Amino acid sequence: MPSRKKTGMFSAAFLTCLCSFVIICVVLATPHWVSSKVHFSGTNSSVTVSLTYGLFSGTCEQLVDAGLLVTEKSFQVAANLSNTKAKSTITAIIVIVVLSLLVSLLSSGFTCTHAVSNPYQTFLGPIGVYTWNSLCGIFTLIAMILFPVNIEGNGLSIELARGCFSALQKHVKSEHAYGYSYWIMLLIIFLNIASITIIYFYDHARYSKKKEQERPIENAPKDVILF
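FYI, the numbering for the sequence shown is -29 to -1, 1 to 198, going by mature numbering (1 follows the signal peptide of the UniProt record, and there is no 0).
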């Protein structure tokens, strides 16, 4: 059975990994990554399309000059994209976030195993926890970078607006505000750092204790050596 200290440290790391897993599920499930207002000019009037969406679905509204709501509808992100680059990027983001979810699950399993048992010190040990948490944090960071790039560089919101309302004409400007589904990914990164930090302190303390027990005999008291 593991020591009380080891159980406590790995249980704390397990909780941070589990919280990270739950937050990634929320990130995937909620359509509040970004809210955009895309402005178009027409022959006789200007039109604003207001969108709120996530990785899979969203809602859009069409407003005319005076802010009068003309149409409101729901949409599927992938189905509304004709731009190959924007569609490929959103698919890549989904794959990366799913990988982050799987890696977070593995990390939770590793830390839980250590909290209740003493597995062999191979990749199942602290090195495994460092690796999976680092990968989870890296994947999350990449997703956070790619999503704004897709909006600003590939015109994701503009493409979705045109997919919702095909009669739109010349694009004038766009305004974007990132929602909680996007920003809580920062919390995932912080939780992964917390998991790594907890296990590092445990591993460092264990290593120091081991080195203390392996002190060479020259450092022992003279009376012990004479005996």
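The beta-carbon is built from N, C-alpha and C at its ideal position, and this holds for glycine as well. Given the structure is predicted, the values throughout are model-derived calculations rather than measurements.
Can you give me the C-alpha to C-alpha distance between residue i and residue j, rounded to a whole angstrom?
i	j	result
residue 247	cysteine -5	Nothing in the structure corresponds to residue 247, since the chain is present only between -29 and 198.
serine 17	valine 35	6 Å
serine 12	serine 21	15 Å
glycine 29	valine 87	43 Å
valine 48	proline 119	15 Å
glutamate 189	leucine -2	Confidence is the limiting factor: at glutamate 189 the pLDDT is only 48, short of 50, which leaves the residue's position unreliable, though a coordinate-based value still follows. Their backbone Cα atoms lie some 60 Å apart in a straight line.
cysteine 107	asparagine 163	7 Å
alanine 57	threonine -14	33 Å
leucine 26	isoleucine 67	12 Å
threonine -23	threonine 19	56 Å
Using 10 angstroms around the beta-carbon of residue i, count the other beta-carbons present and answer buried if the total reaches 16, otherwise exposed.
i	result
arginine -26	exposed
asparagine 51	buried
leucine 157	exposed
glycine 124	exposed
tyrosine 173	buried
serine 71	buried
isoleucine -7	buried
valine 143	exposed
serine 53	exposed
Measuring alpha carbon to alpha carbon, tell me which residue in the options is nearest residue i.
i	options	result
asparagine 121	Thr102, Tyr149 and Gln140	Tyr149
serine 145	Met(-21), Val5 and Ala(-1)	Val5
leucine 139	Thr42, Gly25 and Pro2	Thr42
glutamate 130	Ser152, Thr84, Cys31 and Gly(-22)	Cys31
serine 105	Ile167, Ser(-19) and Thr(-23)	Ile167
Does the count of Cβ pairs from the stretch 95 to 115 and the stretch 75 to 85 closer than 8 Å reach three?
-> In this structure the stretch 95 to 115 touches the stretch 75 to 85; the number of beta carbon pairs closer than 8 Å is three or more.
Report yes or no: do the stretch 103 to 121 and the stretch 56 to 63 share at least 3 C-beta pairs separated by less than 8 Å?
-> Counting Cβ pairs under 8 Å, three or more are found: they touch.
Contiguous beta strand (DSSP E) assignments of at least 3 residues, all confined to the stretch 2 to 48 = For the stretch 2 to 48, whole beta strand (DSSP E) runs of length 3 or above, ordered along the chain, are 5 to 12, 17 to 24, 28 to 34 and 40 to 47.
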